[in-house]
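Heads up: the structure comes next, in structure tokens.
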Amino acid sequence: MFKHFYTTVLLLAIVKISFAQQPATYPRVTGYFSIVQPLTTLSGGNFHSNFSNVYVIGFPFGMNILKSDNFGISFEVAPVIRTEKNISKVSSVLFHPGAMFRFKHGFTFIGRMAFETSGRFGVTPVFNQIIKKGRNASLFVSVPFPIRFGNDQSASVSTGIQLGVSF
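Mapping the sequence shown onto the working numbering, position 151 (from 1) lands on 151, and the numbers just tick up by one.
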């Protein structure tokens, strides 16, 4: 009788150890997919809303290489769709590498460089917050502040809202 008891206890201990939360090992690679909705842009001294004559939406996806609990590198690609006068098209693709500075409670600041196929370039500071952490995926919200130059256009500063899933 004790033989079965000890066998059961040993088996339960092995199962508990094998399913216990392991500390994070680095480097670690994660991915994500999201939707970004630009809201307003200041360019040439004028504010423009995304919801007036033109509608723009982006679909960023990427890969993060986490070096520690506090730092990582992010590589993002974001096709941008523009609808104007009932015609929709991919207006540009944004290449968006950056450095991630991770803080407590799921908050991350990402400083990104920006290279658009439309000829614009600049930087994008991003404030990111995990709003629902899951076992295999997490839901996040971000607020990007794109600053762009080039392509014979006025410098611009924009803001938007980004919602995504990381895995």
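We put the beta carbon where it would ideally sit given N, CA and C, even for glycine.
Tell whether a beta-carbon distance below 8 Å holds between residue i and residue j.
| i | j | result |
| --- | --- | --- |
| P125 | G106 | no |
| F145 | N128 | no |
| G122 | F33 | no |
| E76 | S92 | no |
From the DSSP secondary-structure annotation, give me the bridge partner or partners of residue i.
| i | result |
| --- | --- |
| N46 | S43 |
| F140 | I130 and G164 |
| F33 | F61 and V165 |
Pull up the distance between the alpha-carbon of residue i and that of residue j, whole angstroms please.
| i | j | result |
| --- | --- | --- |
| K89 | N50 | 16 Å |
| H48 | T83 | 15 Å |
| R168 | S74 | Residue 168 lies beyond the residue range present for the chain, which begins at 1 and ends at 167; the question has no answer from this structure. |
| S154 | G98 | 24 Å |
| K67 | Q37 | 29 Å |
| G119 | S138 | 33 Å |
| G62 | G44 | 31 Å |
| G150 | M100 | 26 Å |
| R148 | M113 | 10 Å |
Inside the segment 62-138 only - beta strand (DSSP E) runs reaching at least 3 residues: 71-84, 87-95, 98-102, 107-116 and 121-133
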